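Shown next, in structure tokens, is the structure this report addresses.
There are 2 protein chains.
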Amino acid sequence: MSSDDRREQLLRAGGELLGRRSYEEVSIDEIARAAGISKGLLYHYFPTKKDFLLAVLREETERITALTAPDPALGPLEQIEASLDAFLDYVEHHASGYATIFRTRGGGDSDIRAVLEEGRERRVEAVLEGVAGQLLAGGAASDSAALRSAVQGWIFFVEGTLLRWLDQRDLSRDELRELLRSVLIDSLRTAARIDPRLALDAAAAA
Amino acid sequence: MSSDDRREQLLRAGGELLGRRSYEEVSIDEIARAAGISKGLLYHYFPTKKDFLLAVLREETERITALTAPDPALGPLEQIEASLDAFLDYVEHHASGYATIFRTRGGGDSDIRAVLEEGRERRVEAVLEGVAGQLLAGGAASDSAALRSAVQGWIFFVEGTLLRWLDQRDLSRDELRELLRSVLIDSLRTAARIDPRLALDAAAAA
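Protein sequences, first through last, are from chains A and B.
Residue numbers for the first sequence follow the working numbering, so the first one is 129 and each next one is one higher.
Residue numbers for the second sequence follow the working numbering, so the first one is 129 and each next one is one higher.
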């Protein structure tokens with residue numbers, strides 16, 4: 129196996145393992161075992177547990193971005209639903225890890241927090257470029273403070289709702305998706321009311 | 129000064145100081161100086177810096193709960209605006225501390241996280257008992273998963289929006305309040321669509 133392939137395989141194993149268990153619980157030994165390599169070889173690729181975690185988080189951020197990228201063949205509302213479905217699939221599959229991330233925001237470590245915040249900013253941008261751009265007549269005016277505030281608020285709304293859902297599972301997937309979809313559109317509508325440069329495309333959002 | 133009064137005075141000074149500066153930056157020396165007492169006396173009341181922080185956070189949670197308690201003399205929409213105004217006043221006055229709390233969720237310390245989570249749960253309950261109960265015909269049905277998810281999501285929405293606002297200040301206070309108010313009502317409306325036991329009181333929410 130080439131060095132790059134091996135690194136990729138380690139990150140995959142880490143993404144799986146850290147999805148099912150919280151970072152604090154997982155030891156370097158266990159990561160090496162899950163990847164089927166020696167601890168020494170793991171340390172060769174990632175000198176510390178934190179280096180490994182940061183690399184896994186970056187890799188998973190890329191993966192989420194790709195998985196939830198809007199499909200331009202769909203209408204805007206179907207795009208939201210498809211992206212939300214992909215995101216919910218991912219979160220369900222990585223429930224423990226995600227609950228930990230939502231709950232602790234990376235804990236006391238500012239490097240980990242920075243990677244998580246970057247991931248969140250990329251989700252904000254993705255919503256602005258994708259859905260918001262299509263639902264707002266005349267485009268998303270990405271410098272609009274009202275729009276950016278609404279989208280950032282919605283990204284947090286998703287986290288708060290999912291944190292509860294992963295713990296309680298008392299809404300169906302369809303109900304959860306409907307809540308998130310509807311609040312996103314309402315948030316865009318409110319932003320358009322606050323910022324006169326924006327106008328929700330009523331036909332597209334109906 | 130009685131022991132209780134002194135303790136109260138220390139917590140007040142701590143609330144002010146930790147509102148303006150982040151926890152990591154503030155030393156025990158500085159806290160004692162701000163309260164006008166010796167470090168020894170401070171340690172008599174709070175054996176560690178963490179004990180002090182936990183006590184300050186609990187005290188401030190009480191204070192926020194009292195400040196934002198809905199005024200039953202007002203209509204439901206005016207209650208939301210008054211509570212949001214009180215909360216925004218508080219957050220503006222404690223901007224650095226609040227930004228730190230929203231950003232780090234108490235960092236790596238599970239005791240601090242627990243106090244913060246408890247504060248958030250109390251805000252969820254306050255919204256359910258106050259505004260949601262009045263805007264929903266027939267009461268809030270506080271066991272409704274859709275309603276609880278919507279309110280918890282909204283509490284996070286507020287945090288996400290404020291985190292951005294404290295940093296950028298690119299919306300007016302009125303615009304910010306309007307965004308938060310509107311998204312709350314829309315979230316309740318969506319919850320009422322998902323859970324057939326709920327119905328938004330259209331006249332009250334108009």
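From the three backbone atoms N, C-alpha and C, an ideal C-beta is built for every residue, glycine too.
All figures in this text were calculated on a predicted structure; none of them were measured in a lab.
Residue closest to residue i, alpha-carbon to alpha-carbon, out of the options
{"i": "V259/B", "options": "A223/B, L316/B and F284/B", "result": "L316/B"}
{"i": "E287/A", "options": "L212/A, G168/A and A162/A", "result": "L212/A"}
{"i": "D217/B", "options": "D179/B, L299/B, I192/B and E206/B", "result": "I192/B"}
{"i": "D133/B", "options": "L326/B, L146/B and Y173/B", "result": "Y173/B"}
{"i": "A160/B", "options": "K177/B, R148/B, E152/B and F285/B", "result": "K177/B"}
{"i": "F180/A", "options": "Q137/A, T196/A and A214/A", "result": "Q137/A"}
{"i": "D157/A", "options": "S150/A, K167/A, F230/A and R149/A", "result": "K167/A"}
{"i": "Y151/B", "options": "L307/B, A183/B and G225/B", "result": "G225/B"}
{"i": "I229/B", "options": "L202/B, V279/B and G143/B", "result": "G143/B"}
{"i": "L185/A", "options": "A332/A, E245/A, A162/A and A320/A", "result": "E245/A"}
{"i": "E206/B", "options": "E220/B, R309/B and W282/B", "result": "R309/B"}
{"i": "A194/B", "options": "A327/B, A210/B, L294/B and L182/B", "result": "A210/B"}
{"i": "R248/A", "options": "R251/B, R292/B and A274/B", "result": "R292/B"}
{"i": "E101/B", "options": "A163/A, L290/A and T318/A", "result": "The question about residue 101/B has no answer here: the residues shown for chain B are numbered 129 through 334."}
{"i": "D295/B", "options": "W282/A, L294/A, A273/A and R305/A", "result": "A273/A"}
{"i": "A278/B", "options": "L290/B, V252/B and G267/B", "result": "V252/B"}
{"i": "A332/A", "options": "P175/A, R325/A and I313/A", "result": "I313/A"}
{"i": "A242/B", "options": "A183/B, I208/B, E257/B and V219/B", "result": "A183/B"}
{"i": "D298/A", "options": "A320/B, D298/B, D271/B and L290/B", "result": "D271/B"}
{"i": "R321/B", "options": "L307/A, R325/A, D323/A and A334/A", "result": "L307/A"}
{"i": "A227/B", "options": "R140/B, L326/B, L328/B and T289/B", "result": "T289/B"}
{"i": "A162/A", "options": "A141/A, R135/A, L328/A and I208/A", "result": "A141/A"}
{"i": "A327/B", "options": "I208/B, F285/B, E190/B and L264/B", "result": "L264/B"}
{"i": "P324/A", "options": "L256/A, L145/A and A269/A", "result": "A269/A"}
{"i": "R135/A", "options": "V154/A, P200/A, W282/A and G164/A", "result": "G164/A"}
{"i": "E220/B", "options": "R305/B, A334/B and V311/B", "result": "R305/B"}
{"i": "T196/A", "options": "A214/A, L202/A and S155/A", "result": "A214/A"}
{"i": "I283/B", "options": "R149/B, L256/B and Y171/B", "result": "L256/B"}
{"i": "E190/B", "options": "G266/B, R250/B and F285/B", "result": "R250/B"}
Chain-ordered chain B contacts of residue i [CB-CB under 7 Å]
{"i": "S315/A", "result": "V311"}
{"i": "F285/A", "result": "G281, W282, F284 and F285"}
{"i": "G288/A", "result": "Q280, G281, I283 and F284"}
{"i": "D298/A", "result": "A273"}
Residue i classed as buried or exposed, judged by whether at least 16 other C-beta atoms fall within 10 angstroms
{"i": "P198/A", "result": "buried"}
{"i": "E188/B", "result": "buried"}
{"i": "H222/A", "result": "buried"}
{"i": "S130/A", "result": "exposed"}
{"i": "D237/B", "result": "buried"}
{"i": "L169/A", "result": "exposed"}
{"i": "Q262/A", "result": "buried"}
{"i": "Q280/A", "result": "buried"}
{"i": "D239/A", "result": "exposed"}
{"i": "S300/A", "result": "exposed"}
{"i": "G147/A", "result": "buried"}
{"i": "P204/B", "result": "buried"}
{"i": "R276/A", "result": "buried"}
{"i": "A330/A", "result": "exposed"}
{"i": "Q254/A", "result": "One detail in the question is off: residue 254/A reads as Ala in this sequence, not Gln. By the 10 Å Cβ count, A254/A comes out buried."}
Residues bridged to residue i (per DSSP)
{"i": "L328/A", "result": "L264/A"}
Under 9 Å from the C-beta of residue i: neighbouring residues of chain B
{"i": "F174/A", "result": "Ordered by position in chain B, no residue passes the 9 Å Cβ test against F174/A, which lies about 21 Å from the chain."}
{"i": "R292/A", "result": "A273, R276, S277, Q280 and G281"}
Per-residue contacts from residue i into chain B (C-beta, under 8 Å)
{"i": "E190/A", "result": "In chain order: nothing, as chain B lies at least about 23 Å away."}
Interface residues of chain C facing residue i [CB-CB closer than 7 Å]
{"i": "E306/A", "result": "Considering every chain present, this structure includes no chain C. Its protein chains are A and B."}
Beta-carbon neighbours of residue i, restricted to chain A and to distances below 8 Å
{"i": "T318/B", "result": "E306, L307, S310, V311 and D314"}
Closer than 9 Å at the beta carbon, the chain A residues around residue i
{"i": "E303/B", "result": "A273, A274, S277, I322 and D323"}
Worksheet entry | Completely contained alpha helix (DSSP H) runs for the stretch 281-333 of chain B, where each covers 4 or more residues | 301-322 and 330-333
Item to complete: Any chance you could list the alpha helix (DSSP H) runs of at least 4 consecutive residues sitting entirely within the stretch 131-206 of chain A, in chain order?
Response: 131-148, 156-163, 167-173 and 177-195
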